[in-house]
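Numbering-wise, the numbering used here comes out as the position in the sequence shown, counting from 1, plus 48.
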Amino acid sequence: MTSRRNTLLAVALIAALGASGCSTIGRLNPFDRKSDGPQETAGEGQRISIVPADQRLEPAESLKGVDFSLPMPTTVAAWPLPGGTPEQSVDHVDAAPNLAIAWRKGFGDGNSRGRYITAPPVAADGKVFVMDADGRVSAQDARTGAQVWRTNLNPGDNKRDKLAFGGGLAYADGKLYASSGWRQVVQLDANTGAIGWRTRTGEAIHAAPTVAAGRVMVVALDNSLLTFDVATGTPSWTYQALAEPARILKAGSPAVSGDTVVAGFGSGELVALRAANGNDLWNEALSRASRTSALSEIRDIPGRPVVYQGDVFAISHSGVFAAIDLRTGQARWSLPVVGITSPLPAGDVVYAVSKAGEVICASRETGQIYWIRDLNAGFKGKKKGGFFGIGGSKVMRPAWSSPLLSNNRLILVGQTGELVALNAKTGEIERRMGLGAPATLAPIAMGDTIYVVTEEATLIALR
């Protein structure tokens, strides 16, 4: 168990440093061994390869100068789950047109000493809920940033437990639900912070829960999907994915659409289950091996799967970005993208961010690429590895968050300590602004405000 925990921690540190991964090597399509080239149609169990695995991702010639449709921006009244809705999908918000910082407030301990903030903020009822690196959950006034209440979920008896950090939050019906690396799922009163129920778990949890269909659903570090009754915390059905000794210490929240739950695991499995009983509907492996990158053996799906208009979009660390039919599990298309974030489908397109810092805009129907913007272009970082810097070394590139689409701009934050706004149609950088600290959790929106959490445990409001 000790060696397993050390391996997991090492992987977490690699991810936190934004280790670069090659998105163009190895076979793209391990499920179809009949042909290495793209196919016009996908047969049962096959995936269409849009880009051959030995080629670099490039915009499609046929899409140059072609416009695409985006939905109109709308104001959202709440952001109760990390992805905004049970489907983990909010396509276009109307918020923070000026991107001016209204206020910034500290809310606890930031990343340090083996402790990490992994909980994206959630917002509802005039409050923004956050969790610091040491297990303290707080509610901040959405207009002023003033602290409304604070509850410490850290039991204080696990200083030697290297997995005891972080977790996630979800809001539903006046209650806040928290999962944590301290092996517990907790219900709190969203107005006071008082604990309603607390259920212990066998494994640490670094993912945020999803609340839907009368259940709290969360992915634990042992690759299990746990569910609990929302009213009592009583454990319900569980699903155990394949064991995976090496994974990233980050996990995505399940997506729920109707009576279907979709979850990604450290094994690279993307699984659809019945929400009522956990029965398996389909299982798709988003993994491929690379002879030139040991990190491709880490098959994790760290970002949230997203359901949008009948399709599931997800990205794996081993280099598969795929669109899958929600009903059948049939893969529509895939691209060789190494990622640790969540895709953002909107209108005719879907946006994705690679671990190397490339923002990709692809056709939602075909996977063909409209444009690519490298946020790390020109970055000159320190080389790591090799012998005295010679041979086998890699430049560690800054990591970037999942995007938020607001007023026709993609909003991302990164380890550079910057917020970047891209033109959603062209990918051109319209604005860069300093945040004062690194940030890799995706921004959220409520009302006219965008909220960002930094690695130093600062909550920033932009309007």
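Ideal placement from N, C-alpha and C gives every residue a C-beta, glycine not left out.
Spell out the partners DSSP gives residue i in its beta bridges.
i: E332; result: L318
i: F369; result: I363 and L383
i: G216; result: S227
i: I296; result: Note: I296 sits in no beta bridge, so no partner.
i: F276; result: V264 and P283
i: V355; result: V360
i: V138; result: DSSP lists no partner for V138.
i: T247; result: V233
i: I459; result: L452 and A469
i: T133; result: In the DSSP output, where bridge partners are listed per residue, T133 has none listed.
i: R421; result: V407
i: T524; result: This structure does not reach residue 524, given that the chain is present from 49 up to 511, and the question cannot be answered.
Using the Cα positions of residue i and residue j, report the straight-line distance between them to the nearest angstrom.
i: A323; j: T286; result: 11 angstroms
i: P391; j: P353; result: 8 angstroms
i: W245; j: G281; result: 6 angstroms
i: G484; j: V468; result: 13 angstroms
i: T240; j: P168; result: 20 angstroms
i: T133; j: I165; result: 22 angstroms
i: Q288; j: M265; result: 13 angstroms
i: R198; j: D115; result: 48 angstroms
i: M503; j: N159; result: For the record, residue 503 in the displayed sequence is Glu; it is not Met. Roughly 6 angstroms separates the two Cα atoms.
i: H140; j: P119; result: 7 angstroms
i: I296; j: I149; result: 32 angstroms
i: A187; j: A238; result: 8 angstroms
i: E413; j: D359; result: 10 angstroms
i: R511; j: P491; result: 13 angstroms
i: R421; j: R104; result: 14 angstroms
i: G351; j: G300; result: 5 angstroms
i: Y499; j: A509; result: 5 angstroms
i: I363; j: S315; result: 13 angstroms
i: N202; j: Y219; result: 20 angstroms
i: L321; j: V385; result: 26 angstroms
i: G14; j: A303; result: One cannot answer for residue 14 here, as it falls past the ends of the chain, which runs 49 to 511.
i: S449; j: S137; result: 15 angstroms
i: L211; j: A252; result: 6 angstroms
i: Q463; j: K403; result: 12 angstroms
i: N146; j: T247; result: 43 angstroms
i: T249; j: V233; result: 7 angstroms
i: A411; j: V196; result: First, the amino acid is wrong: residue 411 is Ser here, not Ala. Each residue's alpha carbon lies about 43 angstroms from the other.
i: G482; j: G465; result: 6 angstroms
i: A394; j: I243; result: 37 angstroms
i: G215; j: D209; result: 14 angstroms
i: A268; j: L274; result: 7 angstroms
i: A493; j: V170; result: 9 angstroms
i: L452; j: L470; result: 10 angstroms
i: V319; j: L460; result: 28 angstroms
Can you name the start and end residues of the beta strand (DSSP E) that residue i belongs to?
i: Q288; result: P283 to Q288
i: D232; result: Rather than Asp, the amino acid found at residue 232 in this sequence is Gln. Its beta strand (DSSP E) spans residues Q232 to D237.
i: G312; result: T308 to G312
i: W520; result: Nothing can be reported for residue 520, as the shown portion of the chain is limited to 49 through 511.
i: L305; result: Note on residue identity: the sequence assigns Ser, not Leu, to residue 305. Its beta strand (DSSP E) spans residues A303 to S305.
i: A509; result: T506 to L510
For residue i and chain C, any beta-carbon pair shorter than 8 angstroms?
i: I243; result: Structure shown: chain C not included; a single protein chain is present.
**Request:** Jot down the residue ranges of each uninterrupted beta strand (DSSP E) in the region 140 to 207, minimum 3 residues, whole runs only, in chain order.
**Result:** Inside the region 140 to 207, DSSP marks whole beta strand (DSSP E) runs of 3 or more residues at positions 149 to 154, 170 to 172, 175 to 179, 184 to 189 and 195 to 200, from first to last along the chain.
**Message:** Under 8 angstroms: do the region 111 to 124 and the region 474 to 487 share three or more Cβ pairs, one atom per stretch?
**Reply:** With a cut-off of 8 angstroms, the region 474 to 487 and the region 111 to 124 do not count as touching, because too few Cβ pairs lie within range.
**Cβ pair count under 8 angstroms reaching 3, the region 421 to 429 against the region 171 to 184** = A contact is defined here as three or more CB-CB pairs under 8 angstroms, and the region 421 to 429 fails this definition with respect to the region 171 to 184.
**Asked** Touching or not, the region 108 to 119 and the region 376 to 393, by the rule of three or more beta carbon pairs under 8 angstroms?
**Response** Output reads no: the region 376 to 393 does not touch the region 108 to 119.
**Entirely enclosed beta strand (DSSP E) segments - the region 384 to 417, minimum 3 residues** = Within the region 384 to 417, the beta strand (DSSP E) runs of at least 3 residues that lie entirely inside it are, in chain order, 392 to 394, 397 to 401 and 406 to 411.
**Asked** At what residue ranges does the region 101 to 127 contain a whole run of the alpha helix (DSSP H), taking only runs of 4 or more?
**Response** Runs of the alpha helix (DSSP H) inside the region 101 to 127: none found.
**Message:** At 3 residues or longer, what runs of the beta strand (DSSP E) sit wholly inside the region 471 to 502?
**Reply:** Runs of the beta strand (DSSP E) inside the region 471 to 502: 477 to 482, 492 to 494 and 497 to 501.
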